[in-house]
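Working notes, beginning with the structure itself.
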Amino acid sequence: MDKVTVYAAVNTKIRAMEGDFLKREDYMNMLQKKSVADVTRYLKDHTSYGKLLGDIRIDNISRRDLEDILKRNMIKNMDRLMHYFRDDYRDFIRSLYIKYEIEDLKSLARAIFNGKKPETMEKPLTFLGKYSRAEAEKLFKSTTIKNLIYSLEGSEFFEVLKPLLDGKRENLFRFEMALDMGYFSIIQNRRQKISAKDREVLKKWEGMVADLYNIQWIYRGKKFYRLSPEELLNYTMNFGDKLTFTDRKAMCYAKNLDELYRMTMDSGYGFLFKKEEISRDIYMERRINRYIYYKLKALTRKYPMSIIQTIGYVWSLEFEIRDIISIIESIRYELPPDETRKFLVKAS
Amino acid sequence: MGVEKMKIVGVIGKNALLSRVLRLVVLNGSMHMINALVRVNSSDFFLPPSEKNIEALEELPFLKPYSSKRDFSHDEEVVTSLLNLFGLKPQVRLEHLGQDYDYDDFMKQLLDIYEKVHSTDDEINERMRSIEKKREYIESLKYLTKYSFDIGRLTDMKYLAFRLLKISRENYDKLKKNYENIPAVVIKVAVEGKYVIVASITPVSLEETVEKIFSSLNHTLLAMPTGYSGTAAKVMEDLTNSIDEDQKVIDSLKRSLEDYRIKYAKEFEKGFSRLEMEKKVEELKSDLAVGDKLFFMFGFVPVSSVSDLKRELESQFKEDVIVLVDDINNSGPGITPPTKLSNAKLFRPFETLVKMYGTPAYNEKDPTVFFGLTYMLLFGAMFGDVGQGLILLLSGLVLEFFMKRTSMGGVLSRIGLSSTIFGFIYGSVFGSEEIIPPLIIRPMANINYMLVAAVVFGIVLIIGGYIYNIMNSSMERNVEEGLFGRNGAAGLAFYLILLYAVSHTALTNSGISPTLVYAMAGLLLLMVFKQPLASRLTHADKLYRESPADYYIEEGFGVIETLLSMMSNTISFIRVGAFALNHVGLYIAFATMGDMMGAAWEDIAILVIGNVIIIGLEGLIVFIQALRLEYYELFTKYFRGDGVEYLPAKLKGITPATGRLGFFHNRRISREIGMHIFATL
Numbered sequence: 001m002d003k004v005t006v007y008a009a010v011n012t013k014i015r016a017m018e019g020d021f022l023k024r025e026d027y028m029n030m031l032q033k034k035s036v037a038d039v040t041r042y043l044k045d046h047t048s049y050g051k052l053l054g055d056i057r058i059d060n061i062s063r064r065d066l067e068d069i070l071k072r073n074m075i076k077n078m079d080r081l082m083h084y085f086r087d088d089y090r091d092f093i094r095s096l097y098i099k100y101e102i103e104d105l106k107s108l109a110r111a112i113f114n115g116k117k118p119e120t121m122e123k124p125l126t127f128l129g130k131y132s133r134a135e136a137e138k139l140f141k142s143t144t145i146k147n148l149i150y151s152l153e154g155s156e157f158f159e160v161l162k163p164l165l166d167g168k169r170e171n172l173f174r175f176e177m178a179l180d181m182g183y184f185s186i187i188q189n190r191r192q193k194i195s196a197k198d199r200e201v202l203k204k205w206e207g208m209v210a211d212l213y214n215i216q217w218i219y220r221g222k223k224f225y226r227l228s229p230e231e232l233l234n235y236t237m238n239f240g241d242k243l244t245f246t247d248r249k250a251m252c253y254a255k256n257l258d259e260l261y262r263m264t265m266d267s268g269y270g271f272l273f274k275k276e277e278i279s280r281d282i283y284m285e286r287r288i289n290r291y292i293y294y295k296l297k298a299l300t301r302k303y304p305m306s307i308i309q310t311i312g313y314v315w316s317l318e319f320e321i322r323d324i325i326s327i328i329e330s331i332r333y334e335l336p337p338d339e340t341r342k343f344l345v346k347a348s
Numbered sequence: 001m002g003v004e005k006m007k008i009v010g011v012i013g014k015n016a017l018l019s020r021v022l023r024l025v026v027l028n029g030s031m032h033m034i035n036a037l038v039r040v041n042s043s044d045f046f047l048p049p050s051e052k053n054i055e056a057l058e059e060l061p062f063l064k065p066y067s068s069k070r071d072f073s074h075d076e077e078v079v080t081s082l083l084n085l086f087g088l089k090p091q092v093r094l095e096h097l098g099q100d101y102d103y104d105d106f107m108k109q110l111l112d113i114y115e116k117v118h119s120t121d122d123e124i125n126e127r128m129r130s131i132e133k134k135r136e137y138i139e140s141l142k143y144l145t146k147y148s149f150d151i152g153r154l155t156d157m158k159y160l161a162f163r164l165l166k167i168s169r170e171n172y173d174k175l176k177k178n179y180e181n182i183p184a185v186v187i188k189v190a191v192e193g194k195y196v197i198v199a200s201i202t203p204v205s206l207e208e209t210v211e212k213i214f215s216s217l218n219h220t221l222l223a224m225p226t227g228y229s230g231t232a233a234k235v236m237e238d239l240t241n242s243i244d245e246d247q248k249v250i251d252s253l254k255r256s257l258e259d260y261r262i263k264y265a266k267e268f269e270k271g272f273s274r275l276e277m278e279k280k281v282e283e284l285k286s287d288l289a290v291g292d293k294l295f296f297m298f299g300f301v302p303v304s305s306v307s308d309l310k311r312e313l314e315s316q317f318k319e320d321v322i323v324l325v326d327d328i329n330n331s332g333p334g335i336t337p338p339t340k341l342s343n344a345k346l347f348r349p350f351e352t353l354v355k356m357y358g359t360p361a362y363n364e365k366d367p368t369v370f371f372g373l374t375y376m377l378l379f380g381a382m383f384g385d386v387g388q389g390l391i392l393l394l395s396g397l398v399l400e401f402f403m404k405r406t407s408m409g410g411v412l413s414r415i416g417l418s419s420t421i422f423g424f425i426y427g428s429v430f431g432s433e434e435i436i437p438p439l440i441i442r443p444m445a446n447i448n449y450m451l452v453a454a455v456v457f458g459i460v461l462i463i464g465g466y467i468y469n470i471m472n473s474s475m476e477r478n479v480e481e482g483l484f485g486r487n488g489a490a491g492l493a494f495y496l497i498l499l500y501a502v503s504h505t506a507l508t509n510s511g512i513s514p515t516l517v518y519a520m521a522g523l524l525l526l527m528v529f530k531q532p533l534a535s536r537l538t539h540a541d542k543l544y545r546e547s548p549a550d551y552y553i554e555e556g557f558g559v560i561e562t563l564l565s566m567m568s569n570t571i572s573f574i575r576v577g578a579f580a581l582n583h584v585g586l587y588i589a590f591a592t593m594g595d596m597m598g599a600a601w602e603d604i605a606i607l608v609i610g611n612v613i614i615i616g617l618e619g620l621i622v623f624i625q626a627l628r629l630e631y632y633e634l635f636t637k638y639f640r641g642d643g644v645e646y647l648p649a650k651l652k653g654i655t656p657a658t659g660r661l662g663f664f665h666n667r668r669i670s671r672e673i674g675m676h677i678f679a680t681l
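Read top to bottom, the protein sequences are chains A and B. Taking my numbering as reference, the numbering of the first sequence is continuous, increasing by one, and the terminal residue is 348. Taking my numbering as reference, the numbering of the second sequence is continuous, increasing by one, and the terminal residue is 681.
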C-alpha cells in the first residue's frame, strides 16, 4: 500500500494525541508540589489526565496506584494506534510492548528472588502479559524463577529462557540478561517484515539506541560487575549505528575505564561522559534518554511518512510517565525542585 | 405426609465400644446427631434410676466433651496411593463395612503390604528415570555418529573437559568472531534450525571461565554418558540394549505388582471404605460426651426408624449398651428437632424448591403439597401446550431416570405434565391452535376472561395461604398471629369483606353499605391492637413485649402495608393470564415470520427454531414467574422456613446420592432473586 494512505490517518491521530502531552509549565508547576496527592490533584485539574483520574480518591493515592493508572493509559493509547495497522505492521507495533513487559518481568523476577510478594512492590507490573499473552495471574503466583519461566510457556520469551531450566545455573542475572538479549533478537526478526523504507529508518534508529545501551553496558560491566571481556562482548547487542563489531570488541577489551572514555569520545558518543566524574553514573541514563528524545524528534521531522512517527509517540509518552514518576519520587525523598529537574527527560 | 415425627434416641456404652457403636449408627444412617452435653443438661432429660443405669448415673455429673482428634492424613496417603497405583476406583461399599473389625489392626496389615508395593514402585520409577537419561544420551550422541573414534576417550579425560552444547546461531557468530580470546577448542558439529551444536574441549583448570562464557551465550548443555567406550554408533547401540534391559526389569516388576493386585485388590478397596467410615466416625465424635468409662450420644431419629436402630444396637452389643428413646418435648435451646419431609411421590421433587426458600420448622405445616399443586397449576396455566409440555415431560423423565437428577428432573416432568393438560384445555399443540379443538377456552379469543380468571384463581390461592397460616398458628398456639394477625383470621375476614365490597360496587354500581365499612375498620383495629389483646387472652405477664410507642408506630405502618399488599398480591396474579396470552403471541410472531419465508422448508425451520426459543426462553421465564408468585405472594403469608434440615449421620456414596437442582440451591440467593424479580416486574 502507498505509504501516504498507510500513515496519513495514523499520523493525524498521533498529532491529536500529542496535543494531550504535558506542557513545560505543567512540569514546572508539578515540581513545586509537596505530596503525591498534590501532584495527582494538579494532573486531575489542569491536564488531560483529568478524565483518567475522574473518580479516583486522591487523598490517599499511592505512587503505585498512580503509576498503574498512567501505564494503563499508555496501553490504551498504544492499542488505539494499533487499530490503524494491519498484519505484519500490527505485529510490529505490538512488539513495542516487549520492552515494557520485559521491564516488568525483570521486576517480578527480582521480587521473587528476594522473597518479596509482588503485591507489596512499589512498581505496578501493568504490562505483564501484554506481549507474551501469558496470564498475569499465573505469573504473579510463581514462587520461584523456574515457575515463572514455566508460566511463560508458549510465548517467545519461553524459548529464550528455556536454557535456564537445566537447574544448576538458574539465577537472576542470567534471567535478566537472557530476556534482554531475547528482546533484541525478537525485534530484529520483526524488522524483517516491514517495508524497505521503514526498515531503513528503523535500522538507523534502533542502531543508535543499541550503540547507547552497549556503551552503557560495557561501562557498567567493567566498573561494577567486573565481568571478563568475553562475557561483556557476548552480552552486547549484535548491531549498531556508528559502532561496528570491531569497535564494540575493542571497547570490551579496553584495559581500563580511561581507555574506554577515550574510545567513546572518538565514537561520537562522548557526551555520555561529560563533566566531572561523580555525575557520570547517576546522570548517564538521563543523558541517554534525552539524546534519544531529541534524536527521535529529529527523525520524525526527517521522515514524516514512516513508522518512526508511531515509535516517537510511544517513547515520548513513556518519557512523560517517567518524568511524572521522577517528580513524585523526588517529592518523597524531599529533593529540591532544582535537583529534581536534573533527572527529568522531557523538561529541564 | 408432611413433616415426619422424631424421637430422641440416646446410646450409652463403654468407651471401648465407641467406634463400633458409631460405625453401626453410620451404617444405619438414620440418626441426626445432637450435642450430647446440651441434651444431658436439658431440663427434660431423665435417666431412670435402675440397676442397669447405675454406672451411667454415677458418671453423669463428670461428663466432658470428646476432645482428642485423630489424624488420618497418613492413612489417607497410603490408601490413595495404593488405589492410584493399581487404578482402583475409590468407592465405599457396604460389604466392606458390615462385619465387625478393628480398624487399627486392619490398617497395620495394609501398611505392611504398602511398604512392599511401595519399594517395587520406587524401583520402577528409578528405572524409568534411567531410561529417560539414556534416551537423552542417545539424542546427544546422534550428533557425533559421523566421527569414528572412541567416545570413551573424550568423556573420560583426566586433564581436559569435553562438552557438547547447543547455542543459537546469532550467539555462535559472536563466539566465532571472538574465537581468538576463548580459552577452549570449539568445533561446530551440526546445524539444527536456529541452533548450532558445538563441541568444546578445555583444560579442567579453565573450565569455570569457559562455563561463564558459554553461560553468557545462553547455551544448553547436552548430556554425555560416562564410562562407555567405542564409537558413537556403538555406544548408542549399547545404550539401546541397556534400555531394553531396563524395560524388561520394569515389565517383570510390573508383573509382580499385578500379582499384588490380584491378591490384595479387595483389601485396598476395603481400606478406602473403612478409612472413609473412620473419618466419618471421628467427625461424629465431636458431638459426644465422655466420662471415665462410658460415652453418651444422642440424636434425633424418625419414628419409623427407631425400632430398627434399637434392635440393631441391642442385638450386636447386648447388655453393653443402654438405649434410651424419648419423645420430643420443649427441650429448650440448642436442641431443635430437624425436619424430615415425607410427601407423596407426586410432590416429592417440589421439596427442593421449598427448601430453596427455607426448610419448614419441625412444628410447622409442610407446605410442599400446597406448593406443588399450585405450582403445577400456575405453570400449566401460563405455559399450556400439548407438544411443548410433552417435550418438558420427556426431558424431565430423562433427567430423572437416566441422569439421576431426581429433583430437577422430577420438577420438570411434573410441570411438563401439567403444561400438557392445559394444552388440551387451550387446544394448543406446539403453539398451533389449528390441530386440536380446545376443551374449554382459547386464551387469545377471550382475553378479558383469561385475565379475570387469573385474578380469581389468585384469590383462591391467597385464601389458601391465609388458611395455612391460621393452621400453623394454631399448632404453635400463637393467638396473636393466628387470631388477630394480618395474615390470620382477622386478616382473612378483612380480605373477604374487602373483596365482597369491591365486587359488589363494581357489579351493581352502588355504594358500600356502612356496616361493611364499620366491620373493616373494626378488623383493622383488631390488627393494630393484636399484641395487647392476645396478651390479655393468654394471661401473659406483660401487655407489650417492647415499648408501646415502638409497637404502635410499627403496627400503624403495618396497617397501611396490609392494605397495599392485599391489593398488589391479588392483582399480581393477573400475570398468569398475561403469560398464557403471551405464549400464543410469541407463536404468532414466529408463524408470521414463517409465512414470510418463501419455501416450505424455511417455514418449517422458522417454526422449529421458534418452538425451541419458546421452550427455552419462555419456559424459563414462566418457571421463574410461577416461583416468584409462590415465594412472594404466598410464602410470605404463612411460611417461615426457619427449620433445621434432617441430616442423618451416614456415608455418602453407599446409597445413591440425591440430586439437587443445579442452579441456585441457596435459599438466600433465591430470595434475592425473588425480590429482584418483584422489583423489576
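All residues carry an ideal CB built from backbone N, CA and C; glycine is no exception.
Check: Going by beta carbon distance, what residues of the same chain come within less than 8 angstroms of V189 (chain B), once the five residues before and after it are set aside?; Outcome: Y143, L144, L164, I197, V198 and A199
Check: How would you call D104 (chain A), buried or exposed, if buried means at least 16 neighbouring beta carbons within 10 angstroms?; Outcome: buried
Check: Would you mind reading off the limits of the beta strand (DSSP E) that contains V369 (chain B)?; Outcome: First-last for V369 (chain B): T368 to M382, but that is the alpha helix (DSSP H), not the beta strand (DSSP E).
Check: In whole angstroms, what separates the C-alpha of A9 (chain A) from that of Y84 (chain A)?; Outcome: 7 angstroms
Check: In or out: Q120 (chain A) buried (at least 16 other Cβ within 10 Å) or exposed?; Outcome: In the sequence on display, residue 120 (chain A) carries Thr and not Gln. Label assigned to T120 (chain A): exposed.
Check: Is any beta-carbon of chain B found at less than 7 angstroms from that of A250 (chain A)?; Outcome: no
Check: P349 (chain B) by DSSP, collapsed to three states: which one?; Outcome: coil
Check: Tell whether a beta-carbon distance below 7 angstroms holds between Y131 (chain A) and E101 (chain A).; Outcome: yes
Check: Looking at the structure shown, is M6 (chain B) part of a helix, part of a strand, or coil, going by DSSP?; Outcome: strand
Check: Taking only three categories from DSSP, how would you classify L152 (chain A)?; Outcome: coil
Check: Since I believe V204 (chain B) is in contact with L160 (chain B) (beta carbons under 8 angstroms), could you give me their beta-carbon distance rounded to a whole number of angstroms?; Outcome: 7 angstroms
Check: Can you tell me which residues form a DSSP beta bridge with A190 (chain B)?; Outcome: B:I197
Check: Evaluate contact between the segment 628-640 of chain B and the segment 383-401 of chain B, counting only Cβ atoms and requiring at least three cross-stretch pairs below 8 angstroms.; Outcome: no
Check: Using a Cβ-Cβ cut-off of less than 9 angstroms, list which residues of the segment 223-234 of chain A approach chain B; keep chain order.; Outcome: L227, S228, P229, E230, E231, L232, L233 and N234
Check: Report the rounded CA-to-CA distance for R341 (chain A) versus A347 (chain A), giving the unit in angstroms.; Outcome: 7 angstroms
Check: Just checking: is the beta-carbon of T202 (chain B) within a distance shorter than 7 angstroms of some beta-carbon in chain A?; Outcome: no
Check: Distance cutoff 7 angstroms, beta carbons only. Does P304 (chain A) sit that close to anything in chain B?; Outcome: no
Check: Looking at G384 (chain B) and F347 (chain B), is the spacing between their C-beta atoms short of 7 angstroms?; Outcome: no
Check: For L217 (chain B), which residues in chain A fall below 7 angstroms Cβ to Cβ?; Outcome: N234
Check: Per the DSSP calculation, H32 (chain B) is bridged to which residue(s)?; Outcome: B:F300
Check: Work out the CA separation of Y253 (chain A) and F245 (chain B) for me, nearest whole Å.; Outcome: Correcting the residue type first, residue 245 (chain B) is Glu in the shown sequence and not Phe. The straight-line gap from Cα to Cα measures roughly 54 angstroms.
Check: The beta strand (DSSP E) spanning I58 (chain A) covers which residue range?; Outcome: Counting along the chain, I58 (chain A) falls outside any beta strand (DSSP E), and DSSP gives it neither H nor E.
Check: Could you check which residue in B:Y137, B:M444 and B:N15 has the C-alpha nearest to that of A56 (chain B)?; Outcome: B:N15
Check: Taking the alpha-carbon positions, what's the L88 (chain B) to I262 (chain B) distance?; Outcome: 12 angstroms
Check: At 4 residues or longer, and completely inside the segment 34-92 of chain B: list those alpha helix (DSSP H) runs for me, N to C.; Outcome: 36-41, 54-59 and 73-85
Check: In chain A, which residues lie with their C-beta within 9 angstroms of the C-beta of N487 (chain B)?; Outcome: Result: empty, since nearest Cβ-Cβ is about 46 angstroms, beyond 9 angstroms.
Check: Taking 7 angstroms as the threshold (beta carbon to beta carbon), is I213 (chain B) in contact with chain A?; Outcome: yes
Check: Could you work out which residues of chain A lie near K174 (chain B), taking near to mean beta carbons separated by less than 9 angstroms?; Outcome: L233, N234, T236, N238 and F245
Check: At which residues does the alpha helix (DSSP H) containing R163 (chain B) begin and terminate?; Outcome: R163 (chain B) -> not in any alpha helix (DSSP H); beta strand (DSSP E) instead, spanning L160 to S168.
Check: Where does E546 (chain B) sit, in a helix, a strand or coil, going by DSSP?; Outcome: coil
Check: Between the Cα of I250 (chain B) and those of B:I131, B:N171, B:G485 and B:E351, spot the shortest distance and give me the residue it belongs to.; Outcome: B:I131
Check: Going by the CB atoms, is the gap between Y293 (chain A) and V209 (chain A) shorter than 7 angstroms?; Outcome: no
Check: Taking CB distances under 7 angstroms as the criterion, tell me whether A210 (chain A) reaches chain B.; Outcome: no
Check: List the residues of chain B whose Cβ lies closer than 9 angstroms to the Cβ of D166 (chain A), in chain order.; Outcome: T220 and L221
Check: Suppose the cutoff is 8 angstroms on Cβ atoms and the five residues either side in sequence are ignored; what does the same chain contact list for L172 (chain A) look like?; Outcome: A109, R110, F113 and I145
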